[in-house]
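Working notes, beginning with the structure itself.
Residue numbers (the UniProt record's numbering): 1 to 354.
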């Protein structure tokens, strides 16, 4: 996107594909009125002739839609080309920290760690003025692990609510972080007000090249996908027969579609699934960020497969998946009771048998 002509915040969602959660690439509008990236909707209708958003049948126009797409399948060459771009580019950027999961290539609303803003003035308007000067920066997970890894991000909006600083950001590539130095800034038009933020050197961590024409590599990928499907398929089938919020969220995320694709030769979809899955799984935040910070698709799949083995003994999809949406106390309480009540009833039933 051209940074000189940013899209207004209230229009941003109108320019996002609900399948890949990024800005449209060669957008295609299907008969029901929903728009998707050309490649995303092509993959979707190959599996199920339905609208991924409303699940409406579009079978009568699928053949015509497929003919009009004419996708370029030469994704392997695109991967090789991307490896050479900006490989040696190092940028000096502000780094900010959060204790929340950071998902690359998505819009997120996250809470920033307040300890890093001790030098800021107490006045909220001045704090907002400081953030208005921060456009591109690095966001990193606050942890002793992966301290040298972060994500490029664009700051879209900042809100201060009850002392908490909430930021709407658009995340981008993974970066290696080095040479962290506290730096003093002076607030524009406020000569007496200074504040300190760390500046780092950020270098894009390029995705490691994977040869999808190598038989051993494709066999490893196929085996990993199969193992992941074996664990998650019962939950996917269960959710596909319901219309609750979790089911709709997972459907719109593209998870149902990606798990049905033949991914061994589809680099773009394989990469998206390896980033998408950990963001949807109900696993520890440190574990999620460890997976998402890997720059090797196969390594991400290995860690995903390892992390989901604990779900083999559960039958509740809400234990397995999360919507990653900020919830109020009431929402968390409802989720707790949805999990706790079946357990309590099973316990009481066992007691009554005796």
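Note that CB positions come from ideal geometry on N, CA and C, so glycine has one too.
Residue from the options whose Cα sits closest to the Cα of residue i
i	options	result
residue 185	150, 307, 119	119
residue 162	173, 182, 152, 122	122
residue 313	231, 288, 238	231
residue 228	242, 310, 214, 266	310
residue 127	212, 160, 103	160
residue 103	243, 287, 215	287
residue 383	241, 219, 174	This structure leaves residue 383 out entirely; the chain is present only between 1 and 354.
residue 105	89, 233, 242, 22	22
Test item: CB-CB of residue i and residue j under 7 Å
i	j	result
residue 308	residue 263	no
residue 37	residue 25	yes
residue 297	residue 274	yes
residue 20	residue 272	yes
residue 265	residue 212	yes
residue 97	residue 116	yes
Pairwise C-alpha distance: residue j and residue i
i	j	result
residue 156	residue 235	35 Å
residue 142	residue 293	13 Å
residue 52	residue 250	10 Å
residue 306	residue 18	28 Å
residue 246	residue 322	8 Å
residue 248	residue 289	24 Å
residue 35	residue 216	37 Å
residue 42	residue 27	11 Å
residue 238	residue 244	11 Å
residue 435	residue 154	The first residue shown for the chain is 1 and the last is 354, placing residue 435 beyond what the model contains.
Assumed close pair residue i, residue j - CB separation to whole angstroms, cut-off 8 Å
i	j	result
residue 304	residue 270	Incorrect: roughly 12 Å between the Cβ atoms, too far for contact.
residue 183	residue 151	The pair is not a contact, with the Cβ atoms about 20 Å apart (cut-off 8 Å).
residue 371	residue 268	In this structure the chain extends from 1 to 354, so residue 371 is not present and cannot be described.
residue 93	residue 129	Not quite, the Cβ-Cβ distance comes to about 19 Å (not below 8 Å), so this is no contact.
residue 101	residue 131	Not a contact, Cβ separation roughly 22 Å.
C-beta neighbour in chain B for residue i, strict 7 Å
i	result
residue 159	Absence of chain B from the displayed structure is noted, only one protein chain being present.
*May I ask you to verify whether the region 240–255 touches the region 124–143, counting CB pairs closer than 8 Å and requiring at least 3?*
No, they do not touch.
*Can you find at least 3 beta carbon pairs, one from the region 275–286 and one from the region 192–199, that sit closer than 8 Å?*
Segments in contact, no.
*asked:* Taking contact to mean 3 or more Cβ pairs, one atom from each stretch, closer than 8 Å, check whether the region 165–185 and the region 201–209 are in contact.
replied: Judged by Cβ distances under 8 Å, the region 165–185 makes contact with the region 201–209, as three or more pairs qualify.
*Looking at C-beta atoms only, is the number of pairs between the region 104–113 and the region 162–170 that lie closer than 8 Å three or more?*
Segments in contact, yes.
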